[in-house]
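First up is the structure itself, then whatever we jot down about it.
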């Protein structure tokens with residue numbers, strides 16, 4: 001069990017929990033919870049594999065990821081867990097923030113690594129783009145299934161946090177090695193997401209025309 005597999009499992013669990021919580025908030029049943037948890041956890045990876053020409057996507061080749069996602073989603077179903085997570089809005093917000101940030105950071109660097117491994121001679125732009133799509137893709141699909149505007153378009157510093165982590169990861173890749181560079185990129189994504197939530201950072205938006 002290498003470090004990269006562990007990172008993927010951690011990201012899968014984190015994203016699956018966030019997907020299941022969105023399903024509960026939207027009053028879905030357990031099937032809806034599993035669907036949103038699974039979509040959030042493996043959706044970005046499927047998009048990544050389609051971009052890279054990996055067919056069928058790894059999520060279908062190795063059922064371990066779907067299995068972990070479904071188990072993680074079901075783990076949120078028991079009443080005592082839901083009472084804890086939804087007892088106060090602040091608890092819900094913090095849980096969503098932490099799980100989403102970990103999933104975003106993990107899959108950003110995992111996707112970047114997959115891009116570099118698939119096309120070692122490709123321009124770094126491709127690796128950064130694939131990393132971002134892997135990080136934000138699952139959450140975007142989750143929000144579309146839940147009939148809400150994807151967070152990448154409205155949430156404070158979300159996709160840009162993924163981009164920053166991917167850029168740091170790729171900048172360190174040739175000097176520090178893939179392990180250190182991936183940890184650095186992941187950590188930066190999480191830190192940016194936490195700071196953005198605490199200080200309420202947001203990207204500029206056009207003002208309504210009066």
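Residue numbers (my numbering): 1 to 210.
The C-beta atom is built at its ideal place from N, Cα and C for all residues, glycine as well.
Note that this is a predicted model, so its numbers are computed, not measured.
Where does residue 147 land, buried or exposed, given buried means 16+ other C-beta within 10 angstroms? exposed
Selected residue, minimal CA-CA separation from residue 67, among 190, 162 and 35: 35
Let me know if residue 83 comes out buried or exposed under the rule of 16 or more other beta-carbons within 10 Å of its beta-carbon. exposed
N-terminal and C-terminal residue of the alpha helix (DSSP H) that residue 171 is part of: Going by DSSP, residue 171 is part of the alpha helix (DSSP H) stretching over 159-176.
Helix, strand or coil: how does DSSP classify residue 95 here? Three-state DSSP puts residue 95 in a helix.
Taking the continuous alpha helix (DSSP H) assigned at residue 227, which residues delimit it? Past the boundaries of the shown model lies residue 227; the chain is included only from 1 to 210, so the question cannot be answered.
Are the Cβ atoms of residue 100 and residue 162 separated by less than 8 angstroms? no
Unbroken alpha helix (DSSP H) run spanning residue 5, endpoints: Counted as a single uninterrupted DSSP element, the alpha helix (DSSP H) harbouring residue 5 occupies residues 3-25.
Within 10 angstroms of the Cβ of residue 153, are there 16 or more other Cβ atoms? Answer buried if so, exposed if not. exposed
Using the Cα positions of residue 133 and residue 12, report the straight-line distance between them to the nearest angstrom. 15 angstroms
Please work out which residues of its chain come closer than 7 angstroms, Cβ to Cβ, to residue 96, disregarding the five sequence neighbours upstream and downstream, and give them in chain order. 18 and 21
Beta-carbon proximity check, residue 115 vs residue 136, cutoff 8 angstroms: The answer is no: Cβ separation not under 8 angstroms.
If you follow the alpha helix (DSSP H) that residue 60 is part of, which residue opens it and which one closes it? 58-61
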